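Notes follow once the structure below has been shown.
Numbering (our numbering), first residue to last: 232 to 415.
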């Protein structure tokens, strides 16, 4: 099992988290032990330079190994309907490579991955133009993704509120965002 997950690097990656592949296995074990939510940070994704040697040759293959092993294990153990896996950053990266062979921040377009959780997976929702610069079809708002995850957890975002710092009721997600129908 450990070999399938790999080892990675336990040291912090720049100003980010470690690329410790054992954390994917630990996440699975925490869920098996009854944890309802597990958050995992993997490395640093801010490649403003050395995009190809840092990201393509090291970071992404390691991330793929750990994430794939986790998803395969969840399916093999019959936990795939009970556990949702989400890989998501706060924004995308520029479609063009910069002078330092990297990509800068690009909030206009981003991507994410949703696996397991009983969701209808194996699909792409939305599309960009041919350069990846702008949304071309079916924009997805983060509120829709969050609403889908809350629904998975059994929370209706149109009715459930939590108190803000002043004790006023606040909805989990803005009212105009509903679960993604494409996820089922």
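Virtual Cβ for every residue (Gly too), placed ideally from N, Cα, C. If you're wondering where the values come from, they're calculated on a predicted model, not measured in any experiment.
query                                                                                                                                                : result
With DSSP run on the structure shown, which of helix, strand or coil describes residue 251?                                                          : strand
Considering just the uninterrupted stretch of the alpha helix (DSSP H) at residue 396, what are its terminal residues?                               : Element bounds for residue 396: n/a, residue is neither H nor E.
Between which residues of its own chain and residue 283 is the CB-CB distance below 8 Å, once the five residues before and five after are set aside? : 332
Hey, would you say the C-beta of residue 265 is under 7 Å away from at least one heavy atom of the ligand MG?                                        : Among the components of this structure there are no ligands whatsoever, and the ligand MG is therefore not found.
Determine the direct distance from the alpha carbon of residue 319 to that of residue 375, and round the result to whole angstroms.                  : 13 Å
Taking the alpha helix (DSSP H) that residue 292 belongs to, which residues open and close that run?                                                 : 291-307
Work out the CA separation of residue 391 and residue 400 for me, nearest whole Å.                                                                   : 9 Å
Name the residue from 393, 409, 364 whose alpha carbon lies nearest to the alpha carbon of residue 382.                                              : 409
Classify residue 282 as helix, strand or coil using the three-state DSSP reduction.                                                                  : helix
In terms of residue numbering, what span does the alpha helix (DSSP H) encompassing residue 376 cover?                                               : 373-383
By alpha-carbon positions, which one of 276, 353, 398, 378 ends up nearest to residue 323?                                                           : 276
Determine the burial state of residue 262: buried for a count of at least 16 other Cβ atoms within 10 Å of its Cβ, exposed for fewer.                : buried
At the level of alpha carbons, what is the spacing between residue 431 and residue 414?                                                              : No statement about residue 431 is possible, as the shown extent of the chain runs from 232 to 415 and does not include it.
One question on the structure: do residue 313 and residue 259 come within less than 8 Å of each other, judged by their Cβ atoms?                     : no
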